[in-house]
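According to the numbering used here, the sequence shown is numbered sequentially starting from 786.
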Amino acid sequence: MSTSIQKPPSPARTRLIDAATRLFYAEGIHSVGVDRVIEEAGVTRATLYKQFGGKENLVLAYLRSEDELLRGMFAAASATIADPGHLMDAVIDGIVADIRQRHTRGCPFINAAAEFPDATGAVRQLITEHREWFRATLTEAAALAGLDDAAAVAASLVLLRDAALVGGYLDGEEATTAFERTARSLIENHTL
């Protein structure tokens, strides 16, 4: 029986993803060249190409990192909630905290989609996978919380979150407060 032990990423790979995350999110993917990421990460051009093969794979690694972070946040929150009735409150609180503390310049996936209009490309496929996971996760949470029409609740929450991430960047706290108020009203209206 063979067991597969996954090696942790190399420090250089981690630095490249961290630098790409900071720069791509703050300044846009197309406006940041690989030389800038290399300089910020403190690695050589050869290291970037050895780790990723090119910029598109670095972009994919950046978005996968964002995806893994959000999946981890949901998993951690779900593990700490014993009463499924409180799950949707935790979801709303988590989205609000994310908008206020981490994603203050909009959604990294929406931002990337705007820069990669080809819906058949690898970047857009990853974005679609992330959004499908997010919608399915919210549907499952709404069903566990006993809400009526869990899929409709999830679709509405995705739409509200998208708007709040963009609005939070443009309008600040006003958008976050409106998201929270509207999301809680949505939950209340679907509570059996």
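Backbone N, C-alpha and C fix where the C-beta goes; we use that ideal spot for every residue, glycine too. Predicted, not measured: the structure shown is a model, and the values here were computed from it.
- Beta bridge pairing from DSSP links T865 with no other residue.
- In this structure, A860 sits away from I866, with a CB-CB distance that is not shorter than 8 Å.
- For G818 and R807, the gap between their C-alpha atoms comes out near 13 Å.
- Secondary structure of T806 (DSSP, three-state): helix.
- The three-state reading of DSSP puts T976 in strand, counting E and B together.
- With a minimum length of 4 residues, the unbroken runs of alpha helix (DSSP H) contained wholly in the region 905 to 966 fall at 907 to 929, 935 to 956.
- T889 sits in a strand when the DSSP states are folded into three classes.
- In this structure R800 touches A826 by the C-beta definition: roughly 4 Å separates them, less than 8 Å.
- In the three-state DSSP reduction, D903 falls in the coil class, being neither helix nor strand.
- By a beta-carbon distance limit of 8 Å, G953 contacts T889. Their separation comes to about 7 Å.
- DSSP, reduced to helix, strand and coil, places S850 within a helical segment of the structure shown.
- Closest option to D868, judged by alpha-carbon separation, among F919, G957, A926, C892: A926.
- Looking at E900, K835, D947, R966, the one whose alpha-carbon comes closest to that of S795 is K835.
- When the alpha-carbon of I912 is set against those of D803, G838, E851, the nearest one is in E851.
- In terms of CA proximity to R969, M873 leads the group A898, A805, G879, M873.
- Boundaries of the alpha helix (DSSP H) harbouring K835: 830 to 837, taken from the DSSP string.
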